[in-house]
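What follows is a short report on a single structure.
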Amino acid sequence: MGSCLLCTFRNCKMSQRSLFSYFTAKNPTTPASSPVMKKQTAIRSLKKISSKAKDSSSDFELENTESESEDEKEFKKVASEEKIMKLNKPSSSEYESESEQNFIDDDSDEEQKTPSKSRTRTKPAKSTKSRSIKTTKAAVPFDAPPEVNHAQIAREASASVSEEDLPDWLTTKLRDKNKKRPDEEGYDPSTVYIPETVKETFTPFQKQFWDIKENNFDAIVMIRKGKFYEMFSVDAIFARDVLKLHLTYRGKEPMCGVPEKAFSEWAIKIINAGKRVCKVEQMETAIDQANRKGKGAEKAIQRKLVQVYSLGTIDDFEMLESSQPSYLLSIRSSSRQTAGVCLVDCSTGTFHLGAVNEDDLADTLIRFEPVEVIYSANNISPEHLAIIKHYCGNVATRAKTGSETWDSTLAMNTILKIAKWDNVPDSLENVHQDAIAALGGCVAYLNEHKIAESLLSLKRFKTLDEAGSSSFLSLDSSALTNLQIIGKDPHCLINILDHCTTPFGRRRLRFWIMHPLRSINQIEERQKAVEELMKPDFNTLSKELKTIPDLERMLSRVYSNKCSVKVFIDCLGALKKCCQFFTKIEGTVKSPLLANVVPPGKGKSLAKQIDDILAELEVEKSIQSNEFIVKKGVFKDIDDIDEEVSSIEDDLNDILRDIKREVGCKDLSYVNMQSEKFQVQIPVKYCSDLPDKYILMSQTKSVRRYHTPEIKEKLKQLDIVENERQKLRSGSQKRFIDEFAKNSPIWDSIVDAIADIDCLISLAMTSIRWRASGVLCKPIFVQKDSPEAHGQAILQVEKMNHPCIIGTPIPNDIDIHDRFVLLITGPNASGKSTYARMCCVSIILAQIGCMLPAVSAKMTCYDQIFTRIGASDRIFNGQSTFAVESSETARLMKHATSDSFVVLDELGRGTSTLDGIAIASSVLDFFINKVKCPLVFCTHYHVLAEEFEQFPMVRNASMKYEISNGNLTLAYTLIDKMCPSSFGCRVAKICGLPADLTEEAQKVADDFEDRHAALRTSGIDVKVETIEERRDIIDLKKAIDDLTGGVVNEQNFYKFMDFLSKELPKINVE
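For any residue, its number in this note's numbering is found by taking its place in the sequence shown, counting from 1, and adding 3.
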């Protein structure tokens, strides 16, 4: 198809040589129908056609012409061009008005055009017609055959490129840098071997590309060329196959590209497709390139790899789709018991460091949800790696080497070198050595991605588990999962509470929910703030915060001097909005917390500082030119260069006045046509007698535009001076931002204040919604040693509604006081587990400072919540359901205190009934007599309810039910009464099992119970009294004490269970 287009010209009646001879008019004033205009029309048509048609030099050769004038060179050049990047559209509407110039790029190794030489008056004018890059169909040239579909040509040309078109060293003979094949052990997919004989054939531009690609073979290299980011070779084929971009050739190499403004959009698509992205920028202007000529320098414009993007290393907030953090996890194991962990959110530059064991690692993965994981290839425990793969699923994991970066003793030296610090920051002084090793590996990886120095410069280091401090209630991974605190489900607690309107407010709320407070004073301060914000006077605050962008991420970008001018100015504008918000509410708020966040006068004083910064900038000009343009008097060197530019422009205006006198027309003016500036626009009627020094640049039917030698000389001077001014302005950006960053504590405090207010408003809005449903209360907190608590942790809530229940929840009372063990029996699916979860959720809500959907509430502060709910195995770790259940129980037994709240749901169901009862009984006894913390124990072992009924600290309860006409009805209400049966067969029938099957099952169950009367509840009293006097039981208890030494820990717990499984069958139960 491509050759057919070219044949349109090749099959002309005249030869190629005669075609050029036909366009040789010398008269610059030739009318539009002259050969000159025909020639210009032909060239414009060729430009349009060649940008879509596949190159076929054999079909259209210009090499045999006798000589090449400037016109012939232009004709040959446009005939051989093959750019179709304009067909690779971005989806955003902001790119719809790009001019055609943005799609024309030089295929030579000299990418940007140097200052143009003098041209003859017959040089064709450049098209100024705008073209939308939203459409995939290019406009058909007016003089092209009407039946030709150029978009179809592009698609066919693209589809014809396959891996067979690639050289064998990229296909059949593919090797890594160490010459290992993909099927060999130790093959490194991130590198590629390029034969030296091939390198010798590279053009300067190809050498630039492959120097980067050979060390980033698993990444997509997007290299800047003019107005485009282009991809070549295997990357271009990937872009075609995965991103559905149109593809063409550059010489023999596949190529495709996207407009510069669409980089972020396409980069994130590539990253989401599982690839990294290498961003390569041009590091000099056309003027700089021209100045290097003749000095032995390379012809290609200088380029540099400026950043590598992966899922965990995106520091540009505009590329992130979620307001939640995107963490990169780095881990280095020193043993199975300990691993150093470093997590970094590159969008804010915040590092979290710590050392963890196996259980803590699972907690960390659930809490932070990393999107990318790197680990030491030589120092990773198989167990730790298995846990990572289990919890992180398909998250990208990369093994990295380098003893100097992962070694706990050498890592700090690497960090200091990369960060360019003289001393170790105070925040890293007391960090665990394993965590420092993990940080070293993380920093080395970030350095490979060109962002380590900017992130480290912020010095934002935090401990891994801030909940481990005395300030917060601790929620482990089991609690977060079992209670549905976080997650994507719309009925998770975080999604119920989240009414934040700022992205950084949402991140702060997530932290609050996972880190409830333990200080009664702090909780009560939040409660008062939430109560105040529930008043109608503050109903509109949420809408006012909606216009504030992600300031936290913007400021991180600004501090590291990696922001555009627009982002910086938007950041200042957002900070000013925050100050205006402060001014509106300061003085009107009464609660201590809000009054402290926005003290009187804070808004005005901060706004003045921001206005002072904006006063030094030419805001509109800076945005338009995308460079810092400061007002006169800010930087003297910029003032001096501005005067030079003004002087040259004054000279150009003097030249224009001379031309007006010479031509005899006062209406002449300068016109800037794309890259050709200061064209003198002269009406056609004044052009007939112009001297030869007037060089035609462009024209319309009514006017023609010219340069003169004087103008061209001044333009050359202007280009040089403007190039220097651009460099100074770039330098002024750093000076300006460095000055701004000196006040970073002030700007960060604004973000913190707005985030806190946003979270408080969110809690207030949630509370208002609950109040509308009929019930709402402010929890009352009491000290443990107060008369109300009697030295015992308590939880008393009247008519509590579970906030995460779909539909209308059934209210229940919670009364855990002197009887701190709540032993719940009841039918299957009657709401036992839901009730236990409701108890935990009420504690979390109360301790984050929120109101409760209840009539009243009184409680003490809790330090930890532990849950053992549900049944699951860990195949990745070789643990059965019972093993998981036992290990989790052992963990909470080890860490629970008298201020903890514990939920155990159906403990012991993973083994035989007798073993399960024995284990559940022993664990209950442990909490009653040793830990003495509030415990909700849900079970189907009804014998336990009878066994512990006489204990004064145990409250026997069950979920209410009714049986009418043989049908079971569940009321989902807690009552003070033991349940004699689980009614499993009846519940199975309700859940959909066939009636005949459940009826037969009930008969079997009844028969089994008749034949085992000893287990009936009616005989339990006698059995319990008798069993206490049995010698074999006494001997068993003594043996257990001898075995464990009376010490409860994880190791003894496993010994205890193993011993029970062997000894219990020996006991005579008849």
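Glycine residues also receive a C-beta, built at the ideal position from the N, C-alpha and C atoms.
Option nearest residue i by Cα separation, candidates the options
i	options	result
glutamine 627	Glu589, Lys680, Val957, Ile572	Ile572
isoleucine 304	Lys531, Cys780, His435, Glu287	Glu287
lysine 180	Thr206, Lys216, Lys210	Lys216
proline 814	Asp615, Ser776, Ile651	Ser776
aspartate 640	Lys717, Gln327, Arg738	Arg738
alanine 276	Pro257, Met258, Leu246	Leu246
glycine 829	Leu368, Thr976, Gly590	Thr976
leucine 332	Leu314, Met322, Glu324, Arg339	Leu314
alanine 342	Leu718, Val939, Val824, Leu467	Leu467
tyrosine 196	Leu431, Thr174, Phe208, Glu188	Thr174
lysine 722	Ser649, Leu659, Asp759	According to the sequence provided, residue 722 is aspartate. The question's lysine does not apply to it. If we check each option's Cα against that of aspartate 722, Ser649 comes out closest.
proline 856	Leu1000, Cys864, Asp816, Asn831	Asp816
cysteine 345	Arg243, Lys465, Leu413, Thr417	Lys465
proline 262	Lys255, Arg253, His249	His249
threonine 206	Pro603, Lys255, Ala399, Asp191	Lys255
valine 887	Pro185, Glu361, Lys282, Phe212	Glu361
Residue i (DSSP reduced to helix, strand or coil)
i	result
asparagine 485	helix
glycine 357	strand
valine 201	helix
glycine 829	coil
serine 333	strand
cysteine 574	helix
arginine 529	helix
alanine 270	helix
asparagine 656	helix
tyrosine 838	helix
lysine 1074	The requested residue 1074 is not part of the displayed model; the chain covers only 4 to 1073.
isoleucine 107	For isoleucine 107, the predicted model reports a pLDDT of 30, less than 50, meaning its position is unreliable; a value from the coordinates is still stated below. Looking at isoleucine 107 - three-state DSSP - the assignment turns out to be coil, as it is neither helix nor strand.
tyrosine 689	helix
threonine 769	helix
lysine 302	coil
arginine 732	helix
lysine 307	strand
threonine 367	helix
cysteine 843	helix
Bridge-paired residues (DSSP) for residue i
i	result
methionine 803	Asn815
arginine 511	DSSP, once it has assigned bridges, lists no residue as partnering arginine 511.
arginine 708	Gln684, Ser701
valine 957	Val824
cysteine 345	Ser333, Leu356
threonine 466	Leu356
valine 376	Leu332, Thr400
serine 967	Asn970
arginine 339	In the DSSP output, where bridge partners are listed per residue, arginine 339 has none listed.
serine 672	Gln684
serine 477	Gln867
Proximal residues to residue i (C-beta, below 6 Å), its chain only, five neighbours per side dropped
i	result
isoleucine 922	Gly911
isoleucine 859	Here residue 859 is serine; the residue named in the question, isoleucine, does not match the sequence. Cβ within range, chain order: Cys780, Glu801.
arginine 560	Cys566
Own chain partners of residue i with C-beta closer than 7 Å, once the 5 adjacent residues on each side are dropped
i	result
serine 411	Gln436, Asp437, Ile439, Ala440
glutamine 720	Ile651
proline 712	Lys696
Cβ-based neighbour list, residue i, same chain, cut-off 8 Å, excluding 5 preceding and 5 following
i	result
methionine 517	Arg370, Ala470, Leu478, Leu483, Ile488, Ile489
phenylalanine 475	Glu469, His518, Pro519, Leu520, Arg521
glutamate 456	Ile421, Ala422, Lys423, Asn450
methionine 768	His502, Ser545
leucine 169	Ser236, Val237, Ile240, Pro257
Residue-chain proximity (residue i, chain D), Cβ-Cβ < 8 Å
i	result
alanine 792	Here there is only one protein chain, and chain D is not present.
Mind listing, in chain order, the continuous alpha helix (DSSP H) runs of no fewer than 4 residues lying wholly within the region 850–918?
-> Counting only runs of 4 or more, we get 884–898.
Segments assigned alpha helix (DSSP H), at least 4 residues, entirely inside the region 542–626 | Here the runs fully enclosed are 544–548, 554–562, 568–588, 595–600, 605–617.
Whole beta strand (DSSP E) runs in the region 202–266 with 3 or more residues, listed along the chain?
-> Complete beta strand (DSSP E) runs here, min 3: 222–228, 231–235, 251–253, 256–262.
Length-filtered (4 minimum) alpha helix (DSSP H) runs lying within the region 403–449 | The region 403–449 contains these whole alpha helix (DSSP H) runs: 406–409, 414–422.
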